[in-house]
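Engineer:
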Amino acid sequence: MLIPQSVSYATSLAKLSPVVGLFSASIPGIVYALLGTSRQLNVAPEAALSLLVGQAVSEILTHEHPPQASSDAIALAISTVITFQVGLISFLLGFFRLGFLDVVLSRALLRGFVTAVAVVISIEQLIPMFGLTALHHKYNPQSTLEKFMFLVEYAMSEGHRTTTIISFAALSALVAMRSFKSLFKKYWFIYRIPEVLVVVVISTMLSDEFGWDEDGVDILGSVPINTGGAFVRFPIHHLTLRYLRKTTSTAVLISVAGFLDSIVAAKQNAAKYEYSISPNRELVALGASNIIASFVPGTLPAYGSITRSRVNGDVGGRTQMASLICSAIVLLATFFLLPWLYFLPKCVLASIICLVVFSLLAEAPHDVKFYWRMRAWVDLTLMTLTFLFTIIWNVEIGIAVSVVISLLLVVHRSSKTRMAVMGRIPGTERWKSIADEDEDVVEDVPGVLIIRLRENLDFANTAQLKERLRRLELYGVGKHHPSEEPHRQFTQNLVFHMADVDTIDVSAVQIFYELVETYRNRCVGLYITHLKRRVHDSFERAGIVQLLGEENFLKDVSSAMARIEQSATRQRL
Numbered sequence: 001m002l003i004p005q006s007v008s009y010a011t012s013l014a015k016l017s018p019v020v021g022l023f024s025a026s027i028p029g030i031v032y033a034l035l036g037t038s039r040q041l042n043v044a045p046e047a048a049l050s051l052l053v054g055q056a057v058s059e060i061l062t063h064e065h066p067p068q069a070s071s072d073a074i075a076l077a078i079s080t081v082i083t084f085q086v087g088l089i090s091f092l093l094g095f096f097r098l099g100f101l102d103v104v105l106s107r108a109l110l111r112g113f114v115t116a117v118a119v120v121i122s123i124e125q126l127i128p129m130f131g132l133t134a135l136h137h138k139y140n141p142q143s144t145l146e147k148f149m150f151l152v153e154y155a156m157s158e159g160h161r162t163t164t165i166i167s168f169a170a171l172s173a174l175v176a177m178r179s180f181k182s183l184f185k186k187y188w189f190i191y192r193i194p195e196v197l198v199v200v201v202i203s204t205m206l207s208d209e210f211g212w213d214e215d216g217v218d219i220l221g222s223v224p225i226n227t228g229g230a231f232v233r234f235p236i237h238h239l240t241l242r243y244l245r246k247t248t249s250t251a252v253l254i255s256v257a258g259f260l261d262s263i264v265a266a267k268q269n270a271a272k273y274e275y276s277i278s279p280n281r282e283l284v285a286l287g288a289s290n291i292i293a294s295f296v297p298g299t300l301p302a303y304g305s306i307t308r309s310r311v312n313g314d315v316g317g318r319t320q321m322a323s324l325i326c327s328a329i330v331l332l333a334t335f336f337l338l339p340w341l342y343f344l345p346k347c348v349l350a351s352i353i354c355l356v357v358f359s360l361l362a363e364a365p366h367d368v369k370f371y372w373r374m375r376a377w378v379d380l381t382l383m384t385l386t387f388l389f390t391i392i393w394n395v396e397i398g399i400a401v402s403v404v405i406s407l408l409l410v411v412h413r414s415s416k417t418r419m420a421v422m423g424r425i426p427g428t429e430r431w432k433s434i435a436d437e438d439e440d441v442v443e444d445v446p447g448v449l450i451i452r453l454r455e456n457l458d459f460a461n462t463a464q465l466k467e468r469l470r471r472l473e474l475y476g477v478g479k480h481h482p483s484e485e486p487h488r489q490f491t492q493n494l495v496f497h498m499a500d501v502d503t504i505d506v507s508a509v510q511i512f513y514e515l516v517e518t519y520r521n522r523c524v525g526l527y528i529t530h531l532k533r534r535v536h537d538s539f540e541r542a543g544i545v546q547l548l549g550e551e552n553f554l555k556d557v558s559s560a561m562a563r564i565e566q567s568a569t570r571q572r573l
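Numbering-wise, UniProt numbering puts 236 at position 236 of the sequence shown, and it's gapless, one number per residue.
1) N456: which of V348, D505 and G99 sits nearest, CA to CA?
2) Report the residue from M129, L61 and S17 whose alpha carbon sits nearest the alpha carbon of M156.
3) For N493, which residues does DSSP report across the bridge?
4) Using a C-beta cutoff of 8 Å, does D218 count as contacting chain C?
5) Once the 5 residues before and after A460 are set aside, which same chain residues still bring their CB inside 6 Å of it?
6) Ordered along the chain, which non-local residues of its own chain (more than five positions away) have a Cβ less than 8 Å from that of D502?
7) Give the secondary structure of V296 by DSSP, where H, G and I count as helix, E and B as strand, and everything else as coil.
8) Verify whether the separation of the beta carbon atoms of V330 and S26 is less than 8 Å.
9) So S289 and G543 are supposed to be a Cβ contact under 8 Å. How far apart are they, rounded?
10) Between the Cα of E473 and the Cα atoms of S323, N493 and A364, which residue gives the shortest distance?
11) Taking the beta strand (DSSP E) that G304 belongs to, which residues open and close that run?
12) To the nearest angstrom, how far is it from the Cα of E46 to the Cα of E214?
13) Should T428 be labelled buried (16 or more other beta-carbon atoms within 10 Å of its own) or exposed?
14) Q164 to L332, Cα distance in whole Å?
15) So what does DSSP say about L422, is it helix, strand or coil?
16) Please say whether Q40 and residue 574 have beta carbons closer to each other than 8 Å?
17) Would you kindly work out how many angstroms separate the C-alpha atoms of V509 and V401, rounded to a whole number?
18) Tell me the DSSP secondary structure of S309 in three-state form.
19) Helix, strand or coil for P345 per DSSP?
20) Looking only at DSSP bridge pairs, what is L453 linked to?
21) Buried or exposed: which applies to K555, given that a residue is buried once 16 or more other Cβ atoms fall within 10 Å of its Cβ?
22) DSSP puts P45 in a beta bridge; with which residues?
23) Please report the distance separating the alpha-carbon of G54 from that of V199.
24) Can you tell me whether I236 is helix, strand or coil according to DSSP?
25) When you compare only the Cα positions, how much space is there between V31 and I399?
26) Using DSSP's beta-bridge definition, name the partner residues of L554.
27) Since residue 642 contacts L547 with CB under 8 Å, what's their CB separation in whole angstroms?
28) Note down the Cα distance separating L388 from E551, rounded to an integer number of angstroms.
29) Measuring alpha carbon to alpha carbon, tell me which of A285, F512 and S294 ends up nearest F234.
30) Are the beta-carbon atoms belonging to I352 and S143 less than 8 Å from one another?
31) In this structure, does DSSP put I193 in helix, strand or coil?
32) Within a Cβ cutoff of 8 Å, which residues of the same chain sit near M321, ignoring the five residues on either side of it in sequence?
33) Suppose the cutoff is 6 Å on Cβ atoms and the five residues either side in sequence are ignored; what does the same chain contact list for L239 look like?
34) Taking 7 Å as the limit between beta carbons, can you name the residues of its chain near Y519, skipping five residues before and five after?
35) Sorted by chain position, which residues of the same chain lie with C-beta nearer than 7 Å to T83's C-beta, five sequence neighbours on each side aside?
36) When DSSP labels each residue in this structure, what does S182 get in the three-state scheme?
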């Protein structure tokens, strides 16, 4: 499965030599097996990531071509510098313990992006499947929409008949064999038939027997092991430095997308086989794998695959030794098997990638139905936007939009401090959130606003604290328009219930100090209850305790209410 896929990704998506794909499927896997925490993760080139590299190669070759440098050397330099940057970014993310980034992107955004990538890849591969590669180079359509219109216009009229028949026969055989295998899962000798390898071998033999290359079908041909003059070379040199800045954005996007795919695959296998993984160590291992691989000129970025990792576990892989053996076999194939693939039709490689597209699209209908049934209109909108940006512009824009929207959502949700207005249950000294109880159960104390802060305070969630408290003072719980008349009695006393606040950062302390000053100037009584020692020390160092007075820091809400009642009695007397 891995060898034909890697050759396909390198030639059809990344516009590089098949050898590049094979080295990328072996060297990173060896390094990861020694450093990674997942026992089944298969680290090799991925379709979407290879497509990003191919787009970077095509764009640079189209707009600039330095003198005394061949297009192959430029393509190898671009791929090398991207792989090195990808490895460095992933390694640094892991070193600085930023493995939590896998929770930033929502599933809806990922599904929209993956679905769009599947469509982009399928349109890319339909061009060689119809035998339109030469015509494509002539007209050179850029965007996915332009390529789709190119196919609509020329597929039937200018397509190569033999190539088209071979392509769709190979794709039909792959789909039929995969469907047949799914019906006989209990028979391991049927379920483990490698349909990709079977189709590659048969199509190569038929191509040799019937001379398809003489009929105009593009074949793989002779593939020399060429890495640009040296098998091992430091990835940063005069030619790669030329493209360092131009490829950094691509490297960042590949790092994000690759890590997310890898961590999902690693977590799935860890849950299935009952062991734990470390996201930070995964980042370090994936980063080191790509950095070391970049010393072989032209290697593609390599990350874990959900599909290949699942297959690795299904066929018996229980330790990292499976990856080591797999990588060793791929290396042997690189040096000894390639001559046997001389007559392999390139359109068959495109058909193999189209088979991958089916697996990328498989879960999209289920997710769309689920979001629709749950009335998750925000998720559906985000999924659609990500899909459209990726299709209309390009894959890089699609990933960038996904990341930006996700970060904005995270910031928006974290900017609101979780808080609740509390009231007394009649006839008791128990206090509950008004939103949690019926209005006839909880007594709202007139002139007193009791606020329970339900999370730790930091610079993000306290920025809007003043405004939100003001709205609660005027309107209480629920949504209200600012133009409405206030629903609550003027607040004379404010009580903060801070049992859930374990930590508070310096920015939040500063905002809290300003808050205390504001309420003192308004002659509003301010009391703080259930304050933990660590937070109390921060308040003391900031001068809040001195400003408010130690007597206003009380054990619980009942004590604060007793103090408020005493003050009210003294004022009446």
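Every residue, glycine too, gets a C-beta built ideally from N, C-alpha and C. Just so we're clear, the structure is a prediction, and the values are computed from it rather than from any experiment.
Structural biologist: This is what the structure gives:
1) The alpha carbon of N456 has as its nearest neighbour, out of V348, D505 and G99, the alpha carbon of D505.
2) M129
3) V448 and G525
4) This model lacks chain C altogether, as it is built from one protein chain only.
5) For A460, same chain residues with a beta-carbon under 6 Å away, outside a window of 5 residues either side, are S414 and S415 in chain order.
6) Hits under 8 Å: N456, K532, R534 and V535.
7) coil
8) yes
9) Contact check for S289 and G543: beta-carbon distance about 52 Å, past the 8 Å limit, so the pair fails to qualify.
10) N493
11) A302 to G304
12) Their Cα atoms are separated by approximately 32 Å.
13) exposed
14) Going by the sequence as given, residue 164 is Thr instead of Gln. Cα-Cα distance, rounded: 32 Å.
15) Looking at the sequence shown, residue 422 is not Leu but Met. Looking at M422 - three-state DSSP - the assignment turns out to be strand.
16) Outside the shown range of the chain (1 to 573) lies residue 574, about which nothing can therefore be said.
17) Taking the straight line joining both Cα atoms gives about 34 Å.
18) helix
19) strand
20) M419
21) Residue environment analysis places K555 among the exposed positions, since fewer than 16 neighbouring C-beta atoms fall within 10 angstroms of its C-beta.
22) A302
23) 25 Å
24) coil
25) 27 Å
26) T529
27) Here the chain covers residues 1 to 573 and nothing more, so residue 642 does not appear.
28) 60 Å
29) S294
30) no
31) coil
32) A33
33) A77
34) L494 and L526
35) Cβ within range, chain order: N290, A293, S294, T299, L300 and P301.
36) helix
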